[in-house]
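Residue numbers (the UniProt record's numbering), protein chains in the order written: chain A, 1 to 575; chain B, 1 to 589. Every residue, glycine too, gets a C-beta built ideally from N, C-alpha and C. Quick caveat: nothing in here was measured; it's all calculated off a predicted structure.
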């Protein structure tokens, strides 16, 4: 890939590193071993490794060595009405590295009506210029037609994208109808893509927003009032239904509420292939802040689906994450300055949506789930990196410490305690939604592409070293089951004798839609369909006249029974 | 009206003759006086031994040792159960299909109802899109007044949503005595409403105090599945359940309940056909939603395995929507939920089409007219499968077959209860009678009975409608046209009491804050960000750029009008710093 050509960083090839005395924690087991890295890859794992001289050695002193985090959901440098989010790929990936995340997956958001491929190229260009860690891309499908289909196909086959995001909210903009969702899911299931959904019922939200504004509620509290968690749960339920019909793996982005999480966990218990992604914000804070008297603070929490005002939500989501009912964590990091948020100062529907979280993600999960005893360290690795790598089909290159894997590692300090504040965070945003929160657990050393990028609290990130990591379709983690089900789910017709009993004649005199409509209806079809069939056993029903729709109005409105010349056969005899 | 099929015709004539002969013997004046002696009166709350005295079609006295005038006809109940007559909340006796009518009209259908112990039906008025609701309602009322043999009331289906419909709904509620309206989430491009329309319809009907009935199936997905299944070459009746899996029913039920919760409006799910739909209702009730579920005779007594029958006509007879679930444990599960109160009422959704009518869809299952029988079998099956199995007691039996329906639709206690002042719609129930269901012996005119061959315990021994004996020992003595339209008032307490309290509690208030006076980013509406489709739709979502004037039109004074407001802006962003500097309202940290 292009990274071979990007050797403008002279040290990368000669970077040899040895981590001594660490405890390696993968998602399946933990063990004590040394790790030797060369050329950005893990070359050896074990005790008493034989390594070349002059290798830089890091003493881990028995601390945990985990695969670098994968933040599966970011919005860096996202254009928004002529501006962009304040964290670009440089700033954002720096924040990621500072938090122990060595790979991000950003969302490409083409404007409805524009080319997916162009947007993808644009994002690639932005990211290649600036990212400090490896990245991958999801592409959002914001409209649906044949040319989009073609582009999706190309993206999967040639561009290394295997996950596509669709919206059930943002009425008249990104939102897709159920039929479109069905088609998208069907298409993705054939091509081996993952269908990601933004699950909220956009139609009801639109109604509720209008109602809130009418009631004079214009502040950020209107955001959460108009998007109650029920609407999230409803959409999740619907998305799961559609995915199950089309036999397509489903990935629900931003699980923000208990009820949405419950729906996912119920569906998983019924066997649906569905993955839920809670984000840093929903795992760490709640929606009570929307009622803050400080407008700017309240507005900084605005994201969709909104944070739930129920303060027990974070704890609950952490529990489901620990039990495996929710699979991966993202940050949905999408930061706007206060001035940008203030676009919506008189109308909450205009507030740009997004919260921070890329930097805090790993520490927050450690603090809320591992130190509280909900989750063990292996599960911690699973939800912060391994599962994401599996869904993206990057495993075991990413998400695992093994020989041959990329040398993206974190030495995790379980005892460090930090207080989160906007003054010291690496994001450019003025507000941090976790402000004042004390978190236990932090990365001590971060190694990205075999190079030390964080040591002793100092970040040595280099802009532009991040490589695009292509994802291939049909990830086993999602598709193995789907493939097996496809073979089982073949539907068969019942072989029957032809029905040769009487067929009621009908006229469209009264019951039919009076208006001449071009609609095609599954329940009512034009009359000719019946006569066009190549139906032979019952003989020609011609005695009733030439079967053209034109002659129908001539017939009396009453019904007529056509008795076939051969009489009734016993296939339809009444019993 | 349509001429019924020949065989139905002869049957009908025979019947008319028979009942005329009967009436010659038994005096049938309206002020007939009747005394039911020695029965056990079973209401939904209690059972007790008492005599019931009936005069002028009303229950005048309930108790022991009643003082009654002489010459009263006495019916000896001999300790048998005396229950309120059944109310069938869902029949379609005039639902047009491509210009034809079901074979059971109001006469045939109500006769079948009475033969099964049901003394009141609520029929669905099903206007076509673009039809006037009011005219359709009057057409139904006229037909029913001529033909119905028992009291009836009418639901009105809303085939589409627009302003004129609103006006008609108001009229129907306020002047015509209709308090329940059905909306459809299925039948794409015909009756189906979008979520926005449903939201508006729910909001509007709630203001009127009506009960919203929902046909819950996801029509968009059904249309897709139908296309797929026809494309696979499956054209027989098995395509019907294959294209309408129960998940789609459960999904729509969930969505309907969500809408009901948002609008704070009672929701009534018609035709609960599957376990998952019923479970969704159960869970919602646990969370406090005001939602009612109506399983029907078919879903309570049979299952969808028959769609795979080799006999096309038999398979087609089961076609109804939502379809019967192929899962054979469904009826049992639904009975359990009915017994514990998670489902409230039993309808029949009786809509009988002849085999020749069903055969319209012989080459394409999507054209098969939908509907099954069940008005006659309804009460017996609930008895047989729930009471006789020990799932349900007799009081709950009365509740689900009659009382709850009367409460939800605001007929209580006139209907659904044996009490002084209530209508004398009474059934003497024989729990021991055993019969085998067969199309040969049924009252309905359809050739197929989907319960064919099932043995069923429990049947009415005698049925009184409006204080007259209309069924006794297997003989019907009905009179065409005696059925009255029973108007219903809006805001039934059973559904609306909780809603009213929630209305008061749920008033939302904004936060009072100082005005934000920090910097504001200027939005430049570049053409790139405007939805390409020229749409007249208005969207309140955040991503659509507001016209630029919104920002400047605000009477926002602290930062003052900018001198360059009318100067075209460059595409970069501009921070407007207020002259007074930042106030601490927006201070960081």
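Nearest-angstrom Cα separation, counted from residue j out to residue i
i              : j              : result
residue 47(B)  : residue 53(B)  : 17 Å
residue 453(A) : residue 136(A) : 19 Å
residue 540(A) : residue 504(A) : Residue placement at residue 540(A) cannot be trusted, given a pLDDT of 40 that sits under 50; what the coordinates show is reported in the next sentence. For residue 540(A) and residue 504(A), the distance between alpha carbons rounds to 15 Å.
residue 74(A)  : residue 171(A) : 23 Å
residue 247(B) : residue 241(A) : 6 Å
residue 426(B) : residue 270(B) : 26 Å
residue 185(A) : residue 193(A) : 9 Å
residue 201(B) : residue 215(B) : 14 Å
residue 17(A)  : residue 405(A) : 14 Å
residue 331(B) : residue 86(A)  : 58 Å
residue 143(A) : residue 233(A) : 23 Å
residue 322(B) : residue 434(B) : 30 Å
residue 401(B) : residue 117(B) : 10 Å
residue 502(B) : residue 417(B) : 29 Å
residue 82(A)  : residue 324(A) : 40 Å
residue 358(A) : residue 496(B) : 48 Å
residue 532(A) : residue 251(B) : With a pLDDT of only 42 at residue 532(A), under the threshold of 50, the placement of this residue in the model should not be trusted, and no figure is reported.
residue 347(B) : residue 467(B) : 24 Å
residue 155(B) : residue 408(B) : 13 Å
residue 272(B) : residue 433(A) : 45 Å
Rounded Cβ spacing between residue i and residue j (contact assumed at less than 8 Å)
i              : j              : result
residue 339(B) : residue 386(B) : 6 Å
residue 55(A)  : residue 24(A)  : Actually they are not in contact, since the Cβ atoms of residue 55(A) and residue 24(A) sit about 18 Å apart, beyond 8 Å.
residue 42(B)  : residue 81(B)  : 5 Å
residue 114(B) : residue 469(B) : Actually they do not touch by this definition, with Cβ atoms about 11 Å apart.
residue 179(A) : residue 223(B) : 7 Å
residue 488(B) : residue 410(B) : 5 Å
residue 641(A) : residue 290(A) : Because chain A spans 1 through 575 in this model, residue 641(A) falls outside it and cannot be assessed.
Can you list, in chain order, the stretches of the alpha helix (DSSP H) that have 4 or more residues and sit fully within the region 132–169 of chain B? 133–147
Could you list the residues in the region 260–273 of chain B with a C-beta less than 8 Å from some C-beta on chain A, going in chain order? 261, 262
Starting from the N-terminal side, write out each stretch of the alpha helix (DSSP H) that is 4 residues or longer and does not extend beyond the region 368–447 of chain B. 378–382, 394–398, 404–408
Mind listing which residues of the region 477–505 of chain A have their C-beta closer than 7 Å to chain B's C-betas, in chain order? 491, 493, 494, 496, 499, 501, 502, 503, 504
Beta carbons nearer than 9 Å to chain B: which residues of the region 310–343 of chain A have them? 336, 337, 338, 339, 340, 341, 342, 343
Is the region 297–317 of chain A in contact with the region 251–259 of chain A, if contact means three or more CB pairs nearer than 8 Å? Per the Cβ contact rule, the region 297–317 of chain A is in contact with the region 251–259 of chain A (3 or more Cβ pairs under 8 Å).
Counting Cβ pairs, one atom from each stretch, are 3 or more of them under 8 Å apart for the region 345–361 of chain B and the region 435–447 of chain B? yes
Specify whether the region 159–170 of chain B and the region 200–212 of chain B touch according to this definition: at least 3 beta carbon pairs, one from each stretch, less than 8 Å apart. yes
Selection of the region 300–314 of chain B by Cβ proximity to chain A, strictly under 9 Å: 307, 308, 309, 310, 311, 312, 313, 314
Going along the chain, which residues of the region 285–298 of chain A sit with their C-beta nearer than 7 Å to a C-beta in chain B? 291, 293, 294, 295, 296
Please list, in chain order, the residues of the region 223–235 of chain B that have any C-beta partner in chain A closer than 8 Å. 223, 224, 225, 226, 229, 232, 233, 234, 235
Determine which residues of the region 334–355 of chain B have a Cβ less than 9 Å from any Cβ of chain A, and write them out in chain order. 353, 354, 355
With 8 Å as the limit, tell me which residues of the region 188–206 of chain A have their beta carbon closer than that to any beta carbon of chain B; keep them in chain order. Result list: 201, 202, 203, 204, 205, 206.
Is the region 143–161 of chain A touching the region 114–126 of chain A, taking contact as three or more C-beta pairs under 8 Å? Segment contact: the region 143–161 of chain A against the region 114–126 of chain A, three or more CB-CB distances shorter than 8 Å; contact assigned.
At a cut of 8 Å, does the region 429–438 of chain A reach the region 93–107 of chain A through at least three beta carbon pairs? no
Could you name each continuous alpha helix (DSSP H) segment of 4 residues or more that falls completely within the region 486–516 of chain B, going from the start of the chain to the end? 493–505
Could you check whether the region 145–158 of chain B touches the region 509–524 of chain B, counting it as contact only if at least three pairs of C-beta atoms, one from each stretch, sit closer than 8 Å? Put simply, the region 145–158 of chain B does not touch the region 509–524 of chain B. Fewer than three CB pairs are less than 8 Å apart.
For the region 282–289 of chain B and the region 177–188 of chain B, state whether three or more C-beta atom pairs, one from each stretch, are separated by less than 8 Å. no
Continuous beta strand (DSSP E) assignments of at least 3 residues falling wholly in the region 167–226 of chain A: 194–198
Of the residues that make up the region 168–184 of chain B, which ones have a beta carbon closer than 9 Å to any beta carbon in chain A? Residues passing the 9 Å Cβ filter: none.
Hey, is the region 342–349 of chain A in contact with the region 270–289 of chain A, meaning 3+ C-beta pairs nearer than 8 Å? The region 342–349 of chain A, when compared against the region 270–289 of chain A, does not touch it at the 8 Å Cβ threshold.
Suppose only complete runs of 4+ residues qualify. What are the alpha helix (DSSP H) ranges in the region 289–349 of chain A, listed by chain order? The alpha helix (DSSP H) runs lying completely inside the region 289–349 of chain A and spanning 4 residues or more are 295–300, 313–323, 338–341, given in chain order.
Sequence ranges, alpha helix (DSSP H) only - wholly within the region 423–495 of chain A, length at least 4: 476–488
Which residues, in order along the region 184–198 of chain B, keep a beta-carbon less than 8 Å from a beta-carbon of chain A? 187, 188, 189, 190, 194, 195, 196
Length at least 4, wholly inside the region 241–325 of chain B: the alpha helix (DSSP H) runs in chain order: 246–263, 275–286, 297–301, 312–317
Contact residues within the region 372–402 of chain A, judged by C-beta distance below 7 Å to chain B: none
In chain order, which continuous runs of the alpha helix (DSSP H) of length 4 or greater are located wholly inside the region 365–408 of chain A? 377–381, 387–391
Chain-ordered residues of the region 236–263 of chain A with a beta carbon less than 8 Å from chain B: Those would be 237, 238, 241, 242, 244, 245, in chain order.
Scan the region 99–137 of chain A and note each continuous alpha helix (DSSP H) run of 4 residues or more that stays entirely inside, going in chain order. Residue ranges of uninterrupted alpha helix (DSSP H) with 4 or more members, entirely inside the region 99–137 of chain A and ordered along the chain, are 116–130.
For the pair the region 459–477 of chain A and the region 212–219 of chain A, tell me if three or more CB-CB distances fall below 8 Å. Contact check between the region 459–477 of chain A and the region 212–219 of chain A: fewer than three CB pairs, one atom from each, fall below 8 Å, which does not count as touching.
Using 8 Å as the cut-off, can you tell me whether the region 373–386 of chain B makes contact with the region 477–485 of chain B, which would need three or more C-beta pairs spanning the two stretches below that distance? no
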